[in-house]
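The structure under discussion appears below in the form of C-alpha cells.
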C-alpha cells in the first residue's frame, strides 16, 4: 500500500514536551509510520500507510488538549525515506515536511491545554469546552490576559488571594479555602495528566504536579499546594508568550506580501486578490507599493527596496528582465511585472515552508537530550520516592518532613527546561537567519556549520559576478569613447556575454551607438560590418594576427592582458588595428571582505573552477585565495573528498547546478542564488542574496547558537542541581521547587530568543 503524508496545523503547543506527548500518542495509531512535530512552526506531519483513520489521529491530539486542522491538500504520496527535503510545487506550498525524527518517549513539560474526552465528537468547527479548562488552541495572539490560559491564571490567582483573605478572617476554614483555590487550577492539569498517561506519556509534568499538589494537601500543606499550582500556571503563561514570539518571527514574513494586486487585463487594470494571480499574468506596481508576486520586469526601471526579504539595506536598481520578489517595495517608478510564481510558491512562502520543515528535523544534540530525558524523569521519580520513604523507614525520620521533600524533588525533576533548551535556540536561529537571507535546512545543518574548517567556493557567479565586464580600453589613434562606440555598433543584437559586456559599458558611459549595415558574423573569429563609410571588424587576437594587423607592441599588450585572465577583442577600422577591449568576470564587491571574515574566524578557503588556469590564477591572486583550475564537476567532487580525508569539515559553495556532485559530497552544501528553485532546494543551506560574506555570517550564527544551547543546558541542569541539594538539606521547599522548574524554562526560552535580535 502506498504511503501518504498528511500535514496538520496544531494549536496550543508551547514547548518540546507538548510535541513529545503528541508524537507519542499519534505513533500508537494503527498504520502510522512516522510523525514529525514542530513546536515553533505549530505543525505536525504524519506519514501513514493509508489504512489509518485520520479522525482517530485528530481525536488523539484534541484529547490531549490541542486544536488540530489538516492543512489544505496535505494528503500526498510519501517520498522515499532517505529524502530529507521534499518539494513539489504542484502541491500546496505547505504540503511536505522533513522527516528526521525518532520515536521518542521522553516526558517533559506540557502546558495549559484542557482535555477533550475521547468520546467527544471532533469536527472541523472545533467546538471548545468552555470554563476552567484552559483551552488555549491558538498561538498566543493579542494581550495575554485575553487568552484562556491567561484567564485561568488570573482566576487561580484571585482564588489564592481570596483563600488568604478568608483564612485570615475565619482561620477555622482556611485549609478548605486553600484546597478550593488549588482545585481551580489543578482540575484541568490533572485531567491532562490522565489523558497523557493513557496516550503513552505517564511521567508528564502534569502528573508530577498533580501528585505533588495532592500529596501536599494530605500532609496539611494546602496553602503551599495552592500557591505552587498558581506559580505553575504563571510559568506556563510566560512560556506561552515566549513561544508565541518565536513563532511570530518567521510567520511575520508572510504578512509582507500584499493582499491585493493590480492586474492588467485587456488594456485595463483592476484590483484582484494577490493569491488569485496566475503564472504569466501581468501586474502593475505603483511607486511605493509592495510587489505582490515574484516576477520579471517587462517595462519600467526603479529602485527596489529588498530589505524585507533579503535584509539588504540599500535599494537595488532594477530594469527590464530583472527578477523581483513578492514583498519587496517598489521605489520611484511604475513597473509592469510578469508573474513567474503563484502565491503559494513565491519566494517568501517557500522560505517560510523551508524554515517550518527545518524546525521539524532534529539536531544531534536535540536527539541526545530527548534520549537522556526519557530516562531522566523516571529516575527523578524514583529518587523522590526514595527520599520520601527511606529516611522514615530506616532512620525513624518524621514522615511529614521527608514526604514534603520528596514532593519538592518531584517538581524539580521535570526536564522541560532541558528539553526546550535546544529546539528553542535552533528555531530562533533558523528564523533569524531566514530574515537575513540565510536559509539552513534543519538543526543538523545549523549544528555542523559551526564546525566547518574549509570552504570550497565555485568561481563563476559565486566569488565573481558571473558576467564579464569591460576592464580596459586601449586606443591606437582614436579616443577610448570612439573605440567603445564602434565596438558596440558591431555587437548590437548579440546576446553573447562578451557582447553584452561591451554594450553595457557603452550604455554606462553614454557612448552613441549608431545603426550598422551589412553586419556579418565570422564564426570562431568575430563580427564585421559597415557604419558611416567605415569598414569595422571586432576580432579575436588569433584572427587579427591572421590578417597581419597587429604590431609587436600591440601583441605584447594582448599577452599581458591574457596573463591577467582577461579576454581581449581587437577593433579594426578599414583593416587597421584601432583599439583593444579587455573583459573579465570581476570578483563580487564583497568577495575580498567575505573571505577575510572567514580567515579571521579560522576557516580556510579555496576556489575550485572550470576556467583555464591563467584566469583562475588571476582571480585567486586578486582575492588572496588557494585555487584549482580547469576542473570538471567530477574533479570538484574528488577534491572535496580529498579535503575531507585530510580532516577538514568541508562546506562547498556554488550555484547549485553544475556543482551538484561537489555540493552533495561536502559536509555542508551551500547554494548561492537569488531565490531560484535550485538555490533554495538543492543544497543543505542557501544564501539568498549571494553575498560571499554571508557564508561567514552563517558559520558565526551556528557558533552563537551552539554557545546559546550550552548556556541553556547549564541553566537548566544547574538550577535543578542547586535546588535538589537545598531541598534535601531542608533549606528550600515546594515554592522554590516549582520556581526552579518554570523559572528555568522561561530563562532558557528568553535566552534562546536573544538569537532573533542578533546583528551578524
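In the numbering used here, the protein residues as written are 33 to 792. Built from N, CA and C at the ideal position, the CB exists for glycine as well.
- Under the Cβ criterion (8 Å, minimum of three pairs), the stretch 694–705 does not count as touching the stretch 650–659.
- Setting aside the 5 residues that flank it on each side, residue 779 is surrounded in the same chain by 747, each with a C-beta closer than 6 Å to its C-beta; the list follows chain order.
- With the rule of 3 Cβ pairs closer than 8 Å, the stretch 728–738 does not count as touching the stretch 493–508.
- Within the stretch 528–573, the runs of beta strand (DSSP E) that reach at least 3 residues and sit entirely inside it are, in chain order, 549–554, 558–563 and 566–571.
- One thing to note: residue 770 has its Cβ within 8 Å of the Cβ of residue 263.
- Separation of the CB atoms of residue 228 and residue 236 is rounded to 4 Å, and the pair is thereby assigned contact status at 8 Å.
- According to the DSSP assignment, residue 506 belongs to the beta strand (DSSP E) that extends over 501–507.
- Runs of the alpha helix (DSSP H) spanning 4 or more residues and lying entirely within the stretch 298–350 occur at 339–342, in chain order.
- Here residue 284 is exposed, its C-beta having fewer than 16 other C-beta atoms within 10 Å.
- In the same chain as residue 617, and ignoring 5 residues on each side of it, the C-beta atoms closer than 7 Å to its own belong to 492, 496, 497, 498, 499 and 500, in chain order.
- Each residue's CA atom was taken as its position, placing residue 764 and residue 199 some 24 Å apart.
- Annotated as distal: residue 289 and residue 362, with beta-carbon spacing of 8 Å or more.
- Positions of the beta strand (DSSP E) runs, each at least 3 residues long and wholly inside the stretch 623–709, are given as 636–640, 658–660, 682–686 and 700–704 in order along the chain.
- Contact annotation: residue 315 and residue 294 have beta-carbon atoms nearer than 8 Å.
- In the displayed model, residue 744 falls within a helix according to three-state DSSP.
- Looking from the CA of residue 667, the closest CA among 286, 640 and 84 belongs to 640.
- Among the bridge pairs identified by DSSP, residue 486 is matched with 636 and 682.
- DSSP places residue 41 in the uninterrupted beta strand (DSSP E) bounded by 36–43.
- DSSP places residue 721 in no beta strand (DSSP E); its state is neither H nor E.
- For residue 613, the enclosing beta strand (DSSP E) begins and ends at 608–616.
- In summary, residue 744 is buried, with 16 or more beta-carbon neighbours lying within 10 Å of its beta-carbon over all protein chains present.
- Rounded to whole angstroms, the separation of the alpha carbons of residue 700 and residue 481 is 7 Å.
- Within the model, the alpha-carbon separation for residue 417 versus residue 469 is close to 51 Å.
- According to DSSP, residue 75 shares a beta bridge with 41 and 70.
- Between residue 213 and residue 192, the gap from beta carbon to beta carbon is short of 8 Å.
- In this structure the stretch 250–264 lies against the stretch 435–448, because at least three pairs of beta carbons, one per stretch, are closer than 8 Å.
- Scanning 444, 624 and 588 for the CA closest to the CA of residue 776 turns up 444.
- Two segments are said to touch when three or more pairs of C-beta atoms, one from each, lie closer than 8 Å; by this definition the stretch 354–372 does not touch the stretch 402–414.
- Under the criterion of beta carbons closer than 8 Å, residue 84 and residue 61 qualify as touching, at roughly 6 Å.
- Non-local beta-carbon contacts of residue 309 in its own chain, meaning distances under 8 Å to residues more than five positions away in sequence, involve 293, 295, 315, 324, 325, 371, 374 and 375 in chain order.
- Beta bridge pairing from DSSP links residue 602 with 571 and 612.
- Distance from the CA of residue 381 to the CA of residue 39, rounded to the nearest whole angstrom, comes to 16 Å.
- For residue 102, the enclosing beta strand (DSSP E) starts and ends at 99–102.
- Take residue 270, set aside five residues on each side of it, and the residues of its chain with a beta-carbon closer than 6 Å to its own are 778, in chain order.
- If you compare the alpha carbons of 607, 598, 537 and 548 with that of residue 569, the shortest gap goes to 607.
- Less than 8 Å divides the Cβ of residue 623 from the Cβ of residue 724.
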